[in-house]
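*Asks:*
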Amino acid sequence: MGIEENKARHRQFVEEIFNKKNLELIPEFIAPGFVDHMPVDDLYGEKGVNFTAALITAFPDLHWTIEDMIAEGDKLATRITCEGTFTGEFLGNAPTGNKVTLSMIIITQWKDGKEVEAWAVYDQLSFYRQAGIPTNYD
2 MGIEENKARH RQFVEEIFNK KNLELIPEFI APGFVDHMPV DDLYGEKGVN
52 FTAALITAFP DLHWTIEDMI AEGDKLATRI TCEGTFTGEF LGNAPTGNKV
102 TLSMIIITQW KDGKEVEAWA VYDQLSFYRQ AGIPTNYD
């Protein structure tokens with residue numbers, strides 16, 4: 002697939018999974034050997050899918066807005082604004098009802114219309130503080 006097709010697939014992925022919460026469609030967008038490089042740890046295959054499901058469960062009104070998208074070859078760099086309310090348990094933390102707004106840069110690699118690898122960069126401390134999740138820095 003070419004650059005424009007990959008961009009369209011990424012837009013569909015964000016809309017279907019994060020905005021419409023159609024988690025059953027994840028296999029249509031994510032390759033079986035998918036690797037999600039997160040700020041704290043790399044998540045392989047099903048762990049990355051499970052993290053996405055946990056995030057959406059904890060923030061059921063989560064909405065992603067694509068602000069910018071730049072592509073070269075099989076990679077996309079996307080600037081996203083994420084907004085949601087922390088109303089479900091997340092990574093062992095009880096919900097606080099706090100609203101969270103987060104800017105994020107995600108670089109994704111695509112093959113045959115599926116995401117094979119992702120690198121997410123965001124201010125994790127700001128995310129935790131907005132959500133009301135205790136950190137070692139508070």
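With the working numbering applied, the sequence shown has no gaps in its numbers, which climb one by one up to 139 at the end.
For each residue, glycine too, the CB sits at the ideal point set by N, CA and C.
1. Name the DSSP bridge partner or partners of Gly-85?
2. Starting from Ile-108, follow its DSSP beta bridges and name the residues at the other end.
3. Would you call the stretch 86–97 and the stretch 22–40 touching, i.e. three or more CB-CB distances under 8 Å?
4. With a threshold of 7 Å on Cβ separation, who are the neighbours of Lys-115 within its own chain once the five nearest residues in sequence on each side are excluded?
5. Under DSSP, the alpha helix (DSSP H) around Thr-58 begins and ends at which residues?
6. Taking the alpha carbon of Ile-108 as the reference point, which residue from Met-2, His-11, Asp-42 and Glu-6 has its own alpha carbon closest?
7. Along the chain, where does the beta strand (DSSP E) that runs through Ile-67 open and close?
8. Looking only at its own chain, which residues have a Cβ that is under 6 Å from the Cβ of Ala-78, when we skip the five neighbours before and after it?
9. Give the DSSP-derived three-state secondary structure of Ala-95 in the structure shown.
10. In whole angstroms, give me the CA-to-CA distance for Phe-128 and Cys-83.
11. Quick check: Lys-112 and Asp-75, are their CB atoms within less than 8 Å of each other?
12. Output needed for Lys-145: all residues of its chain with C-beta closer than 7 Å, excluding positions within five of it in sequence on either side, in chain order.
13. DSSP beta-bridge partners for Lys-115?
*Replies:* Let's see:
1. Val-101
2. Ala-78 and Trp-120
3. no
4. Phe-30, Ile-31 and Ala-32
5. 47–59
6. His-11
7. 64–73
8. Ile-71 and Ile-108
9. coil
10. 10 Å
11. yes
12. With the chain running from 2 to 139 in the structure shown, residue 145 is simply not present.
13. Lys-112
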